[in-house]
Amino acid sequence: ARLFSPEDKISTVFPDGIPADAKIYGVYFSLNDPETPLPDSTFGLGLSIVGGLNKFKLDGTEITIDKDKTSEEVLPDTKLAEEKDENKDRKIIDNYTKKDDVNEIHEVIATSEFQTDPVISMLVYRDPHVGYVGPVFSNTYKDNEFKTDDGKTGYTYVDININLDNDLVVPEKIYLEYEGYAWRPLYVMGANKQVLNIFDPNSNADLGNTKDSFKTLVSSTNPKVTFGVNTNNNKNFTVRMIIRTGNEKIAESNITPDAGQSIAEKILQNMKLKVLSKKDLKTLLPGKSDAELNNNVLRITDEKAKELADTEGETTLKIKGYIQGNTMVNAGRISFLTLSHEEEIKRVDANTIALGYTIEKYNVTFTFISGTEGKDLPAEVAEKQPADKFGIENGVKETLENFADVKVDGGTWKFKGWSVDKNGVSEAVTNEATVDGDDLILVGEWIFVEDEKPEEPQNPQNPQKPEPQKPEPAKPQNPQVRKNGELPKTNVSSAMSYVFLAIAGLGGAYISKKKDNE
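Residue 338 in the working numbering sits at position 336 of the sequence shown; the count goes up by one each step and never skips.
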């Protein structure tokens with residue numbers, strides 16, 4: 003069943019229209035059995051009321067740390083490596099990344115939530131008046147000095163206790179925010195119930211550490227109370243909460259529920275206390291630099307983070323917490339009988355958050371490809387591919403091998419070079435490649451070069467042996483004639499002898515023929 007406020011609209015109760023058999027039931031809290039009438043005698047009535055006041059206790063109390071935060075949100079500046087939930091322990095291990103502790107930090111987000119039985123929670127919010135004494139839960143607040151003791155203190159309170167690991171860095175000034183409709187902060191205490199000074203987060207004004215320190219920060223229209231704390235080197239904190247009273251109360255008519263939510267459900271949502279993150283502080287303190295903001299958040303030093311990483315997540319820093327308190331209800335007096343009841347809210351432990359780091363490991367893979375279209379790499383090349391490597395730390399440099407040519411039938415495979423394939427983009431590298439926050443994928447390319455072929459004859463189809471050449475008959479030479487009474491010039495002296503002999507022969511033949519004719 004859902005719970006609604008008298009201030010809720012009918013459209014919230016019946017968003018799809020009022021059905022024919024629609025019913026709304028009133029919810030009452032009874033001090034006694036409704037079927038059994040109260041005694042008539044004063045003494046009997048008083049005892050019955052006192053017995054009924056025993057029901058005014060915060061049952062179903064529960065506290066959680068970072069319940070609605072993902073592991074990535076708890077350690078926002080590093081990459082999640084492992085998360086594990088076992089019973090009430092939550093372990094978050096991130097991959098270590100080096101930070102300079104000034105502009106870059108290992109921030110920790112811490113948020114606690116607590117809840118109680120919804121009926122009692124609504125009763126606390128309403129804090130109804132009983133007769134002449136006023137609100138049943140808070141009428142003892144008037145003129146109360148609000149002791150910081152545990153247990154029965156004479157007033158109603160809830161303590162949210164947060165225990166931070168000694169190796170977490172808690173800033174000198176830390177910023178917190180509480181959100182809730184029924185309760186508001188009274189004190190922030192450190193070790194041994196030391197009440198710490200608080201300050202206005204907007205003006206930085208010191209508000210002291212008295213019971214009135216929070217009054218200027220509490221609003222009757224806003225369930226959030228933002229405040230700063232001078233931590234005084236404390237690692238354990240107790241935020242004591244009391245019920246909103248008087249002009250601090252948030253009227254139901256001033257509450258705007260979320261979509262699909264009733265006003266009553268808004269009132270009953272979990273109460274939250276968180277350490278403001280750097281993101282929160284950027285909005286709250288827009289004039290601060292990143293380095294200044296980093297100095298005001300919960301964090302882990304880089305040295306400690308590296309130390310944790312060297313243990314591979316075995317050693318962790320822990321955040322713990324618990325809730326406890328006291329319920330004091332007072333209905334005045336009947337005759338000499340005081341109608342009041344005080345009961346401790348027993349301690350309930352929160353889940354534990356364990357934070358650690360590990361050194362992220364990467365893989366180095368090698369692949370050979372053919373850079374020649376239509377040619378696959380032969381086995382002689384493929385067998386040279388280096389073996390893949392696993393568990394390599396960030397920043398390690400991988401030396402790259404160059405390969406000798408591989409001779410095969412018809413040609414030679416030549417190694418062209420290495421490239422790195424990252425996010426689908428290939429980039430050439432030489433000599434070495436560095437593991438840089440991701441797996442290193444190395445691709446080696448080979449190209450094929452064919453052997454040179456000898457020059458082929460023009461008619462290779464029917465090759466024949468050449469036949470021996472026959473001597474050609476001598477061709478008669480044209481006689482050289484004298485020009486201008488000169489013999490033709492020659493560079494060979496023996497040639498002149500032949501000319502003279504030829505002339506002499508002709509002359510002899512001519513004389514012989516003449517004699518015959520005579």
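We treat Cβ as the ideally placed atom computed from N, Cα and C, and that holds for glycine.
- Following the continuous beta strand (DSSP E) through residue 232, name the residue where it begins and the one where it ends. Looking at the DSSP string, the run of the beta strand (DSSP E) that includes residue 232 is 226-232.
- Could you tell me whether the stretch 358-378 touches the stretch 326-339, using the rule of 3 or more Cβ pairs below 8 Å? Segments in contact, no.
- Task: Give the DSSP-derived three-state secondary structure of residue 506 in the structure shown.
- Result: At residue 506 the pLDDT is 41, less than 50, meaning the model places this residue with poor confidence; the figure from the coordinates comes in the next sentence. Of the three classes helix, strand and coil, the one that applies to residue 506 here is helix, per DSSP.
- residue 12, DSSP secondary structure in three states: Of the three classes helix, strand and coil, the one that applies to residue 12 here is helix, per DSSP.
- Answer yes if the stretch 88-101 comes into contact with the stretch 289-298, meaning at least three C-beta pairs across the two stretches below 8 Å, and no otherwise. Output reads no: the stretch 88-101 does not touch the stretch 289-298.
- Have a look at residue 238 and residue 42 and give me their C-alpha separation to the nearest angstrom. Their backbone Cα atoms lie some 52 Å apart in a straight line.
- Which of the three DSSP states, helix, strand or coil, is assigned to residue 248? In the displayed model, residue 248 falls within a helix according to three-state DSSP.
- Just the C-alpha distance for residue 429 and residue 223, rounded to the nearest angstrom, thanks. If you draw a straight line from the Cα of residue 429 to the Cα of residue 223, it comes to about 60 Å.
- Specify the secondary structure class of residue 383 as computed by DSSP and reduced to three states. Residue state, collapsed to three classes: helix.
- Specify the secondary structure class of residue 4 as computed by DSSP and reduced to three states. When DSSP states are grouped into helix, strand and coil, residue 4 belongs to the coil group.
- Task: Could you check how far apart the C-beta atoms of residue 174 and residue 233 are, in whole angstroms? I think they sit under 8 Å.
- Result: The beta-carbon separation of residue 174 and residue 233, rounded to 6 Å, stays under the 8 Å limit for a contact.
- Task: Report the three-state DSSP secondary structure of residue 20 (helix, strand or coil).
- Result: In the structure shown, residue 20 sits in coil (DSSP, three-state: anything other than H, G, I, E or B).
- Query: Do the stretch 112-125 and the stretch 260-276 make contact, defined as three or more Cβ pairs closer than 8 Å?
  - Reply: Result yes; three or more Cβ-Cβ pairs closer than 8 Å.
- Message: Please report the straight-line C-alpha distance between residue 196 and residue 342, rounded to a whole angstrom.
- Response: Rounded to whole angstroms, the separation of the alpha carbons of residue 342 and residue 196 is 30 Å.
- Message: Once the 5 residues before and after residue 78 are set aside, which same chain residues still bring their CB inside 7 Å of it?
- Response: So the list reads 109, 111, once near-sequence residues are dropped.
- Just curious, the alpha helix (DSSP H) that residue 310 is in, first and last residue? Where residue 310 is concerned, the enclosing alpha helix (DSSP H) stretches over 304-311.
- Message: Short of 8 Å in beta carbon distance, which residues of its chain neighbour residue 5, apart from the five on each side in sequence? Order them along the chain.
- Response: In its chain, beyond the 5 residues on either side, 29, 120, 124, 264, 266, 267, 270 have a beta carbon closer than 8 Å to the beta carbon of residue 5.
- Task: Could you say which of 413, 402, 400 lies nearest to residue 382 if we only look at CA atoms?
- Result: Minimum Cα distance to residue 382 is reached at 413.
- Just grab the DSSP bridge partners of residue 328 for me. In the DSSP output, where bridge partners are listed per residue, residue 328 has 159, 346.
- Let me know if residue 40 comes out buried or exposed under the rule of 16 or more other beta-carbons within 10 Å of its beta-carbon. A residue is called buried once 16 or more other Cβ atoms fall within 10 Å of its Cβ, and residue 40, having fewer, is exposed.
- Query: Given that a residue counts as buried once 16 or more other Cβ atoms are within 10 Å of its Cβ, and exposed if not, what is residue 436?
  - Reply: Sixteen is the threshold: since fewer than 16 other Cβ atoms of the shown chains lie within 10 Å of the Cβ of residue 436, the residue is exposed.
- Message: Going by DSSP, what residue range makes up the alpha helix (DSSP H) through residue 407?
- Response: Careful: residue 407 lies outside any alpha helix (DSSP H) and carries neither H nor E.
- Could you tell me the boundaries of the beta strand (DSSP E) in which residue 178 lies? Element bounds for residue 178: 175-181.
- Are residue 2 and residue 205 touching if we call contact CB-CB under 8 Å? No answer is possible for residue 2: it lies beyond the span of the chain, which begins at 3 and ends at 520.
- For the stretch 71-90 against the stretch 366-373, are there 3 or more C-beta pairs whose distance is under 8 Å? No: fewer than three Cβ pairs fall under 8 Å.
- Would you please state the rounded distance, in angstroms, between the beta carbons of residue 230 and residue 201? I believe it to be under 8 Å. Their Cβ separation, rounded to whole angstroms, is 4 Å, which keeps residue 230 and residue 201 in contact under 8 Å.
- Among residues of its own chain, excluding the 5 on either side of residue 93, which ones have a beta-carbon nearer than 6 Å to its beta-carbon? Within its own chain, the residues whose Cβ lies closer than 6 Å to the Cβ of residue 93, once the five positions on either side in sequence are excluded, are 86, 356, listed in chain order.
- Task: Count the CB pairs spanning the stretch 238-248 and the stretch 158-165 that are closer than 8 Å, and state whether there are at least three.
- Result: Under the 8 Å Cβ criterion, the stretch 238-248 counts as touching the stretch 158-165, having at least three qualifying pairs.
- Query: Buried or exposed: which applies to residue 177, given that a residue is buried once 16 or more other Cβ atoms fall within 10 Å of its Cβ?
  - Reply: In summary, residue 177 is buried, with 16 or more beta-carbon neighbours lying within 10 Å of its beta-carbon over all protein chains present.
- Query: Thinking just about the alpha-carbon of each residue, which of 218, 167, 130 is nearest to the one in residue 236?
  - Reply: Nearest C-alpha to residue 236: 167.
- Item | Cβ shell of residue 95 (< 6 Å), same chain only, five flanking positions each side left out | Take residue 95, set aside five residues on each side of it, and the residues of its chain with a beta-carbon closer than 6 Å to its own are 83, 84, 315, 358, 360, in chain order.
- Identify, in the order they occur along the chain, each residue of the same chain with its Cβ nearer than 8 Å to the Cβ of residue 81, setting aside the five sequence neighbours on each side. Within the same chain, residue 81 has close Cβ partners 96, 97, 99, 362.
- Going by DSSP, name the residue or residues bridged to residue 109. Answer is 301, bridged to residue 109.
- Task: Note down, in chain order, each residue of its chain lying with its Cβ closer than 6 Å to the Cβ of residue 351, except the 5 sequence neighbours on either side.
- Result: The answer, listed in chain order, is 324.
- Can you say whether residue 68 is buried or exposed, counting buried as having 16 or more other CB atoms within 10 angstroms of its CB? By the Cβ neighbour-count rule, residue 68 is buried, with 16 or more other Cβ atoms within 10 Å of its own.
- Task: With DSSP as the reference, label residue 118 as helix, strand or coil.
- Result: Three-state result, residue 118: coil.
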